[in-house]
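Structure first, then comments.
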Amino acid sequence: MQTTFTPADFEALAQTDLSGTTCVVLDILRATSSMITALANGAEQILPVATIEEALAAKAEHPEALLCGERDGLRITAAQTGGTEFDLGNSPREYTAEMVAGKTLITTTTNGTRALRACANAEHTLVASFLNLTATTDYLRTAKPSQLVIVCGGTYEEEALEDTLAAGALAEALWEKYDECDDATQTARLLFTSAPVEETILQAKNAQRLLSLPDLAEDVEHCLQSDRYPFTATVAANGMIRRNA
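Taking numbering that gives the first Met the number 0, I'd label the letters of the sequence shown as residues 0 to 244.
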């Protein structure tokens, strides 16, 4: 079991032979939490892309899809795209059943979708958050992939404390299943088992920034809910994220 903490690892991961490897991508505040919320509220599938340009190209191929995502935490505007306003940002509270049920979403975020794209060559990729963490760990306990990489989205180019704690929760739950774990995984596990999770995250840089923004402050509470949704989400062969029963 291995863990990566920052976007500095994305390029190397993308160039690694990941055949036989399962990746679990975590971007707690907020990309993977928003994806899981969207699927819980009936979104049919989600296509993660790395750039705004890729999102616009995908929209041309899927004109019925909703454009979603953020840059610097805020919904992507027409000024950033040359004229196209995105339908939704990256707040999980935007992804209501009324907005997303039955729809395809195309999403690009500062880090989370880049992390997912870095795992494109993995045998399996799961999208996880605190919202569906137990469902994810239960699946992994049963599947027990021979190689497991926990990929943290981070914040900009730095480590994100909330992602590290979620990685530690996964590591703790799966600890007895793996004979070999790298130092990063052990670090995440030790942090998770020694720190009060919610209190620690609320003091983290990313949470503090969101809490300072009136329109986004409630996102933090939503993203820190434990096991609200009892399902896993995986990336299909065509790159679409879908909910598993």
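Don't be surprised by glycine CBs; every beta carbon is placed ideally from N, CA and C.
(message) Quick check on residue 200: does DSSP put it in helix, strand or coil?
(response) Walking along the sequence shown from the start, residue 200 turns up at place 201. Residue 200: helix per DSSP, three-state reduction.
(request) Report yes if the CB atom of residue 22 is closer than 8 Å to the CB atom of residue 166, and no otherwise. (result) The residue labelled residue 22 in the question sits at position 23 within the sequence shown. The residue labelled residue 166 in the question sits at position 167 within the sequence shown. No.
(request) Indicate the three-state DSSP secondary structure (helix, strand or coil) for residue 62 in the structure shown. (result) Locating residue 62 in the sequence shown gives position 63, counting from the first residue. Note: residue 62 maps to coil in three-state DSSP.
(request) Taking residue 143 as the reference, give the member of 190, 25 and 170 with the closest Cα. (result) For the purposes of this step, residue 143 is taken as the residue at position 144 of the sequence shown. Of the listed residues, the one whose Cα sits closest to residue 143 is 170.
(message) Suppose you measure from the CA of residue 176 to the CA of residue 137; what does that come to, to the nearest Å?
(response) As a first step, residue 176 must be located in the sequence shown, where it is residue number 177. As a first step, residue 137 must be located in the sequence shown, where it is residue number 138. Rounded to the nearest angstrom, the two C-alpha atoms are 12 Å apart.
(request) Would you kindly check if the distance between the Cβ of residue 104 and the Cβ of residue 54 is under 8 Å? (result) Along the sequence shown, read from residue 1 onward, the residue named residue 54 stands at position 55. Along the sequence shown, read from residue 1 onward, the residue named residue 104 stands at position 105. No, the Cβ-Cβ distance between residue 54 and residue 104 is not below 8 Å.
(request) Could you please give the first and the last residue of the uninterrupted alpha helix (DSSP H) stretch that includes residue 79? (result) Taking the sequence shown and counting its residues from 1, one reaches residue 79 at position 80. Per DSSP, residue 79 belongs to the alpha helix (DSSP H) from 77-80.
(message) Per the DSSP calculation, residue 1 is bridged to which residue(s)?
(response) What you label residue 1 is simply residue 2 of the sequence shown in a count that begins at 1. 148, per the DSSP bridge assignment.
(request) At 3 residues or longer, and completely inside the stretch 67-151: list those beta strand (DSSP E) runs for me, N to C. (result) 103-107, 123-127 and 146-151
(message) Between which two residues does the beta strand (DSSP E) holding residue 184 run?
(response) Numbered from 1 along the sequence shown, position 185 holds the residue referred to as residue 184. No beta strand (DSSP E) holds residue 184; the alpha helix (DSSP H) holding it covers 182-193.
(request) Identify every residue that forms a DSSP beta bridge with residue 242. (result) As a working note, residue 242 is residue 243 in the sequence shown. 232.
(message) Does the contact criterion of 3 or more C-beta pairs under 8 Å hold for the stretch 206-217 versus the stretch 55-74?
(response) yes
(request) Name the residue from 202, 18, 30 and 9 whose alpha carbon lies nearest to the alpha carbon of residue 147. (result) As a position in the sequence shown, residue 147 is number 148, starting the count at 1. Of 202, 18, 30 and 9, the residue nearest in Cα terms is 18.
(message) Can you list, in chain order, the residues of its chain with a C-beta nearer than 8 Å to that of residue 205? Leave out the 5 residues immediately preceding and following it.
(response) Counting from 1 along the sequence shown, the entry for residue 205 is found at position 206. Within the same chain, residue 205 has close Cβ partners 28, 154, 159, 160 and 161.
(message) Using DSSP's beta-bridge definition, name the partner residues of residue 245.
(response) Since the displayed the chain opens at 0 and closes at 244, residue 245 lies outside it and no answer follows.
(request) Can you grab the Cα-Cα spacing for the pair residue 116 / residue 124, in whole Å? (result) Counted from its first residue, the sequence shown places residue 116 at position 117. Counted from its first residue, the sequence shown places residue 124 at position 125. Roughly 10 Å between the two C-alpha positions.
(message) Quick test of the definition: if touching needs 3 or more C-beta pairs under 8 Å, does the stretch 30-50 touch the stretch 91-109?
(response) yes
(request) Apply the 10 Å Cβ neighbour rule to residue 226 and answer buried if 16 or more other Cβ atoms are within range, or exposed otherwise. (result) Numbered from 1 along the sequence shown, position 227 holds the residue referred to as residue 226. Residue 226 is exposed by the Cβ-count criterion.
(request) Would you mind giving the Cβ-Cβ distance between residue 187 and residue 31, rounded to the nearest angstrom? I have them listed as a contact below 8 Å. (result) Working through the sequence shown from its first residue, we reach residue 187 at position 188. Working through the sequence shown from its first residue, we reach residue 31 at position 32. Their Cβ separation, rounded to whole angstroms, is 16 Å, which puts residue 187 and residue 31 out of contact at 8 Å.
(message) Just to confirm the assignment, what range does the alpha helix (DSSP H) spanning residue 212 have?
(response) Stepping through the sequence shown from its first residue, residue 212 is reached at position 213. Unbroken run through residue 212: none, as it is neither H nor E.
(message) Can you look up residue 20 in the DSSP assignment and give me helix, strand or coil?
(response) The sequence position of residue 20 within the sequence shown is 21, counting from 1. It is a strand residue.
(request) Return helix, strand or coil for residue 157, following the three-state DSSP convention. (result) Locating residue 157 in the sequence shown gives position 158, where the first residue counts as 1. Residue 157 falls in the strand class under three-state DSSP.
(request) Helix, strand or coil for residue 173, going by three-state DSSP, please let me know. (result) Counted from its first residue, the sequence shown places residue 173 at position 174. Helix.
(message) If you measure between the beta carbons of residue 106 and residue 47, is that distance less than 8 Å?
(response) Taking the first residue of the sequence shown as position 1, residue 106 is located at position 107. Taking the first residue of the sequence shown as position 1, residue 47 is located at position 48. Yes. Within cutoff.
(message) Between which residues of its own chain and residue 242 is the CB-CB distance below 7 Å, once the five residues before and five after are set aside?
(response) By 1-based counting over the sequence shown, the position of residue 242 is 243. For residue 242, where only same-chain residues beyond five positions count, the Cβ hits under 7 Å are 38, 230 and 232.
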